[in-house]
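Report on the following structure.
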Amino acid sequence: MTRLRSWPHLLLVLVLLLGAALGRPSLVFDQLGIPKEERPELTILLGGTDRTLGGTPRTDTILFISLFRGHRAVAVSIPRDTLVDLGPRLGVRRINTAYPFGGAALFVSAVESVLEIPVDYYALVDLELFIDVVDALGGVDLFITDDIDYDDIAGGLHIHFKAGFQHLDGAASASFVRYRGWAGSDLGRIDQMKRLLLAVLGQAQRPQTLLAIPSILRSAFANLPDHNLDLALVLNLLPRLIGLDVEFSTLPVTPNADGATLSFEQEQVRRFIAETLRSHPLIGTVPRDIPIYITNSASDPEAGARAQAQLQELGFSNVALRATRDRREEPLSFIEASSSQMTHARALGEIIGVGQVRQVFRLLGGNRLNLIAGNDLAEQ
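Take the sequence shown: its letter number 109 is residue 1467 in my numbering, and every next letter is one higher.
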């Protein structure tokens, strides 16, 4: 029987505990010399499981959420096949085995050992709960990049989507992320989950949906498999959901020779944290010849051309305006970049006033930046 592995967690949990946290000392922030006022106010560890399989499920989706002052959050995906030392009894194993071997305590400890940042709160979310919440939100709209046709008769898994914009209910959303055929294997799957999570967040932020969030949360809390969250505090902090800017990144890892597991270097992780998990990420200069592709997703058909002209006036010499292809209208602009170009992407965002930067696993021409021009640029 095919195992139904991970699925994207309910992004609403990202904002459950926005706000006041005491901020415990952190080894990596101390070593990097990051001031306390630039550190996260709160951290939340999310693990996605499928408890329909019986026994204690693995956390095949892992998100470490850092919440900062104001409306900024950074979600770091930790690939499930990342090797981590689980102690003298268990030794080095995949990080997704920490929860079934040692419960929440070992799961939290494993993530803290990788990032060297304390976890304030954790939550395990299962497939059934995810489906229920997406349905309660009214479903999500998502652009499917390619036709998907996949059947696993033995496992009872049938996944069929046409490329283009689709409205997905809870069951369809779960099917979308069960698909294993993305380019880049698990890292490609993580990239697709980020897109779906952003769609869930966008749906949750719509005015017609916000009024229903408290009742949705109460129902969700009753069905969380394992957590240490406080519902009363969550409900009091919901107003900060409006305008939440979530930046997605993936832990820097390297494939091992076995082709099945991944490894990380601690110093590389520390550099990643120095650039990503602070309220004012390190901003460098942007090479003026860096390729920048602009896609117009604003209601104004000229917004993309104006953004191109603005960048050219600033001295950028390699700016191309791409033809708009079946993209839905975006209220806020964002920049897409590969992991190696995230610092340049943030710097470009600072220059042109675009606060949202998204890491993608693979871009054609890995050093380029994609600017998705939304209605906020159209209004400038």
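Glycine included, each C-beta is placed from N, C-alpha and C at the ideal position.
- [ ] Report yes or no: do the segment 1653–1663 and the segment 1495–1512 share at least 3 C-beta pairs separated by less than 8 Å?
- [x] No, because fewer than three Cβ pairs between the segment 1653–1663 and the segment 1495–1512 fall closer than 8 Å, the two stretches do not touch.
- [ ] Starting from the C-beta of N1581, find all residues in its chain whose C-beta is less than 6 Å away, skip the five residues before and the five after it, and write them out in chain order.
- [x] Here the set comprises L1487.
Open item on the list: Whole angstroms are fine: how far does the CA of A1433 sit from the CA of V1627?
Closed with: If you take the alpha carbons of V1627 and A1433, they lie about 15 Å apart.
Task: Validate contact between the segment 1588–1596 and the segment 1493–1505 using beta carbons, cut 8 Å, 3 pairs - done: Per the Cβ contact rule, the segment 1588–1596 is not in contact with the segment 1493–1505 (fewer than 3 Cβ pairs under 8 Å).
Open item on the list: Using only CA atoms, which one of P1572, L1679, Y1479 lies nearest to V1491?
Closed with: Out of P1572, L1679, Y1479, the CA that lies nearest to the CA of V1491 is found in P1572.
TODO: Count the other CB atoms, across all protein chains shown, that sit within 10 Å of the CB of S1655; report buried if there are 16 or more and exposed otherwise.
DONE: Buried is the label assigned to S1655, since at least 16 other Cβ atoms lie within 10 Å of its Cβ.
Task: Rounded C-alpha distance that separates D1443 from V1450 - done: The alpha-carbon separation between D1443 and V1450 amounts to approximately 4 Å.
- [ ] With a cut-off of 8 Å on the beta carbons, I'd call A1744 and A1468 a contact; round off their distance for me.
- [x] The structure shown has nothing for residue 1744, since the chain only spans 1359 to 1738.
Task: Exposure label - N1725; buried when at least 16 CB within 10 Å - done: It counts as exposed.
Open item on the list: By the three-class DSSP mapping on this structure, what secondary structure does R1726 have?
Closed with: Correct three-state label for R1726: coil.
Task: Collapsed DSSP secondary structure at H1429 in the structure displayed - done: Coil, per DSSP.
- [ ] Mind checking who D1510 pairs with in its DSSP beta bridge?
- [x] Its beta-bridge partners are L1515.
Open item on the list: Count Cβ pairs between the segment 1607–1621 and the segment 1419–1435 that sit closer than 8 Å; are there 3 or more?
Closed with: Result yes; three or more Cβ-Cβ pairs closer than 8 Å.
Task: Test item: CB-CB of Y1479 and N1614 under 8 Å - done: Pairing Y1479 with N1614 gives a Cβ-Cβ distance that is not under 8 Å.
TODO: Tell me whether E1625 is buried or exposed, calling it buried when 16 or more other Cβ atoms sit within 10 Å of its Cβ.
DONE: When all chains shown are included, E1625 counts as exposed.
TODO: Compute the distance between the beta-carbons of G1732 and E1688, then report whether it is under 8 Å.
DONE: Yes, the pair counts as a contact, with Cβ atoms nearer than the cut-off.
Open item on the list: I need the straight-line Cα distance from A1590 to R1576, nearest angstrom please.
Closed with: In a straight line, the C-alpha of A1590 is about 10 Å away from that of R1576.
TODO: Pair every Cβ in the segment 1518–1525 with every Cβ in the segment 1545–1565, then say whether three or more of these pairs are closer than 8 Å.
DONE: No, the segment 1518–1525 does not touch the segment 1545–1565.
Task: Identity of the residue in D1603, D1584, F1519 nearest G1560 by Cα - done: Nearest of D1603, D1584, F1519 to G1560, Cα basis: D1603.
TODO: Measure the C-alpha to C-alpha separation of F1674 and P1645 and round it to an integer number of angstroms.
DONE: Distance from the CA atom of F1674 to the CA atom of P1645, rounded to whole angstroms, is 8 Å.
TODO: Could you tell me which of G1707, E1396, Q1699 sits nearest to V1718, measuring between CA atoms?
DONE: By alpha-carbon distance to V1718, the top candidate from G1707, E1396, Q1699 is Q1699.
Task: Unbroken stretches of the beta strand (DSSP E), 3 residues or longer, contained in the segment 1427–1503 - done: Counting whole runs of 3 or more residues, the segment 1427–1503 contains the beta strand (DSSP E) stretches 1430–1435, 1441–1443, 1450–1452, 1479–1484, 1498–1502.
Open item on the list: Less than 8 Å between the beta carbons of V1483 and L1545, yes or no?
Closed with: No; because the gap between Cβ atoms is not below 8 Å, this pair is not in contact.
Task: Where G1732 falls: helix, strand or coil (DSSP) - done: Here G1732 sits in coil by DSSP.
TODO: May I have the straight-line CA-CA distance separating P1458 from T1414, to the nearest angstrom?
DONE: The alpha-carbon atoms of P1458 and T1414 are separated by roughly 5 Å.
Task: 7 Å Cβ shell around L1706 - same chain, five flanking residues per side excluded - done: Around L1706: V1644, I1693, L1727.
Open item on the list: Could you give the first and the last residue of the continuous beta strand (DSSP E) run that contains L1403?
Closed with: From DSSP, the beta strand (DSSP E) with L1403 extends over 1400–1407.
TODO: Can you give me the start and stop residues for the beta strand (DSSP E) that G1522 sits inside?
DONE: Per DSSP, the unbroken beta strand (DSSP E) holding G1522 starts and ends at 1522–1526.
Open item on the list: Output needed for Q1668: all residues of its chain with C-beta closer than 8 Å, excluding positions within five of it in sequence on either side, in chain order.
Closed with: Contacts found: I1710.
TODO: Go ahead and pull the three-state DSSP assignment for F1387.
DONE: Of the three classes helix, strand and coil, the one that applies to F1387 here is helix, per DSSP.
Open item on the list: Please state whether the Cβ-Cβ distance between L1485 and A1530 is less than 8 Å.
Closed with: No, Cβ-Cβ distance for L1485 and A1530 is not below 8 Å.
TODO: Keeping to the same chain, check which residues put their C-beta closer than 8 Å to that of R1686; ignore five residues upstream and five downstream.
DONE: Excluding sequence neighbours, R1686 sits near D1499, F1501, F1523, S1655.
TODO: Within the same chain, show all residues whose beta-carbon is closer than 6 Å to that of G1528, passing over the 5 residues directly before and after it, in chain order.
DONE: Result list for G1528: I1489, V1492, D1493, in chain order.
Open item on the list: Taking 6 Å as the limit between beta carbons, can you name the residues of its chain near F1630, skipping five residues before and five after?
Closed with: Contacts found: P1610.
TODO: Going by DSSP, name the residue or residues bridged to D1616.
DONE: Bridge partners of D1616: none, in fact.
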